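Trainee: Quick one: the structure is below, questions incoming.
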Amino acid sequence: MASGFGASGFEAAFAAAEPIPGWLTRDQARDLYDAAAAVPPGGVVVEIGSHHGRSAVVLAAALPQGARLVAVDPFPDDWRYGAAGTEREFRAHVERAGVAGVVELRVATSREVRGGWSGRLDLVYVDGKHDYWTVRDDLAWVALVAPGGWVLVHDAFSSLGVTTALLRELLPSRSLRYAGRTGSLARLQVAPPSRADRARVLGQLPWWVRNLVVKVLLRLRLRPLARALGHGDAADPY
């Protein structure tokens, strides 16, 4: 593999990523790793929303020879996850993990990068701003993914904005199918969806509503009630 992790594979990649701040579970990291490892040699992966680099390290570590990860994040000072120093931390983390050579950081918005993009993609990971309009715009990258390629979306069923944007795109789509989820990480494939695929999307809605209730309870400092719904974390469901 291009990153030099070699036979040590996922375990070494996650060991490098785990200390980095972020909201990516081990099982979700495994999904990212496997998807990136399946990219063809010389392929291209785009990550939207890089934060401190937790997911970027996992993706980059799995890439085959000649493949690269384009990490897209504007790192704005006025956004919750874009505090001063975040870009510097991202660069330090990918360097420390030994994957800087296969990571190309674009300090810009998703729309700005996409507007000047040419060529096909093999994998897109979406974890940018979570409002409806931004997510819908980020999902426009799907048009650049090769048939059979994958789009992974974090917080897919734990955010009002992300979920409603996904429903708007998935339900009428004839070229994007829902393949499942790991926690809130949804796996979408660029392929014609079946009726069963569409039904599986709708089948996630009760879990999504439960997560929205949990988020309200956490903000009201009612953690015992959140625990009663099976949520033992102080952070929002992810």
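With numbering that gives the first Met the number 0, letter number 227 in the sequence shown gets 226, and the count goes up by one each step, no holes. Think of the CB as a built atom: it goes at the ideal place given N, C-alpha and C, for glycine as much as any other residue. None of these values were measured; they are calculated from a predicted model.
Using 9 angstroms as the threshold, is the C-beta distance between residue 169 and residue 192 below it?
Mentor: Position 170 of the sequence shown, counted from the start, is the residue given in the question as residue 169. Position 193 of the sequence shown, counted from the start, is the residue given in the question as residue 192. Cβ atoms of residue 169 and residue 192: closer than 9 angstroms.
Trainee: Ignore the nearest five residues each way along the sequence and tell me which others in residue 176's own chain have a CB closer than 6 angstroms to its CB.
Mentor: Stepping through the sequence shown from its first residue, residue 176 is reached at position 177. Counting only Cβ-Cβ distances below 6 angstroms, and skipping sequence neighbours, we find 188, 190, 192 and 196.
Trainee: Please report how far the alpha carbon of residue 109 lies from the alpha carbon of residue 74, in whole angstroms.
Mentor: Taking the first residue of the sequence shown as 1, we reach residue 109 at position 110. Taking the first residue of the sequence shown as 1, we reach residue 74 at position 75. When rounded, the distance between both Cα atoms is 12 angstroms.
Trainee: Work out the CA separation of residue 49 and residue 59 for me, nearest whole Å.
Mentor: As a working mapping, residue 59 is identified with position 60 in the sequence shown. As a working mapping, residue 49 is identified with position 50 in the sequence shown. So the alpha carbons of these two residues sit roughly 12 angstroms apart.
Trainee: Closest by CA to residue 45, which one among 194, 102 and 134?
Mentor: Translated into positions along the sequence shown, residue 45 becomes position 46. Ranking 194, 102 and 134 by Cα distance to residue 45 puts 102 first.
Trainee: Whose C-alpha, out of 91, 12, 24 and 85, is nearest the C-alpha of residue 154?
Mentor: Within the sequence shown, numbered from 1, the residue matching residue 154 stands at position 155. Of 91, 12, 24 and 85, the residue nearest in Cα terms is 24.
Trainee: Whole angstroms are fine: how far does the CA of residue 120 sit from the CA of residue 148?
Mentor: Start at 1 with the first residue of the sequence shown, and residue 148 comes out as number 149. Start at 1 with the first residue of the sequence shown, and residue 120 comes out as number 121. Rounded to the nearest angstrom, the two C-alpha atoms are 8 angstroms apart.
Trainee: Closest to residue 29 by C-alpha separation, out of 42, 47, 53 and 20, would be which residue?
Mentor: Residue 29 sits at position 30 when you count from the first residue of the sequence shown. Residue 29 has its Cα closest to that of 53, out of 42, 47, 53 and 20.
Trainee: List the residues that DSSP assigns as beta-bridge partners of residue 188.
Mentor: Translated into the one-based positions of the sequence shown, residue 188 becomes position 189. Answer is 149 and 176.
Trainee: Please say whether residue 42 and residue 15 have beta carbons closer to each other than 9 angstroms?
Mentor: Along the sequence shown, one-based indexing puts residue 15 at 16. Along the sequence shown, one-based indexing puts residue 42 at 43. It is not a contact, given that the beta carbons lie outside the stated cut-off.
Trainee: Does the pairing of the stretch 83-96 with the stretch 134-145 give three or more beta-carbon distances under 8 angstroms?
Mentor: Short answer: they don't touch.
Trainee: Does the Cβ of residue 202 have 16 or more other Cβ atoms within 10 Å, making it buried, or fewer, making it exposed?
Mentor: By one-based count along the sequence shown, residue 202 stands at place 203. The residue in question, residue 202, is exposed, as its Cβ has fewer than 16 Cβ neighbours within 10 Å.
Trainee: Below 9 angstroms between beta carbons: does that hold for residue 12 and residue 70?
Mentor: In the sequence shown, the residue the question calls residue 12 occupies position 13. In the sequence shown, the residue the question calls residue 70 occupies position 71. Result no, Cβ atoms of residue 12 and residue 70 do not sit closer than 9 angstroms.
Trainee: Looking only at C-alpha atoms, which of 230, 47 and 235 sits nearest to residue 112?
Mentor: Residue 112 sits at position 113 when you count from the first residue of the sequence shown. Per the Cα distances, 47.
Trainee: What does the Cβ neighbour count give for residue 205, buried or exposed, with the cut at 16 atoms within 10 Å?
Mentor: To locate residue 205, count along the sequence shown from 1; it is residue 206. Exposed is the call here.
Trainee: For residue 161, is the classification buried or exposed, using 16 other Cβ atoms within 10 angstroms of its Cβ as the cut-off for buried?
Mentor: As a working mapping, residue 161 is identified with position 162 in the sequence shown. It is buried - the Cβ of residue 161 has at least 16 other Cβ atoms within 10 Å.
Trainee: What residues are listed by DSSP as bridge partners for residue 67?
Mentor: As a working mapping, residue 67 is identified with position 68 in the sequence shown. Residue 67 is bridged to 43.
Trainee: Using only the alpha-carbon positions, how far apart do residue 225 and residue 151 sit?
Mentor: Counting from one through the sequence shown, the residue named residue 225 turns up at place 226. Counting from one through the sequence shown, the residue named residue 151 turns up at place 152. When rounded, the distance between both Cα atoms is 27 angstroms.
Trainee: CB-CB under 7 angstroms to residue 114, same chain, minus the five flanking residues each way: which ones, in chain order?
Mentor: Residue 114 sits at position 115 when you count from the first residue of the sequence shown. Result list for residue 114: empty, nothing under 7 angstroms.
Trainee: Where does the unbroken alpha helix (DSSP H) through residue 26 begin, and where does it stop?
Mentor: The count along the sequence shown starts at 1 and reaches residue 26 at position 27. From DSSP, the alpha helix (DSSP H) with residue 26 extends over 25-36.
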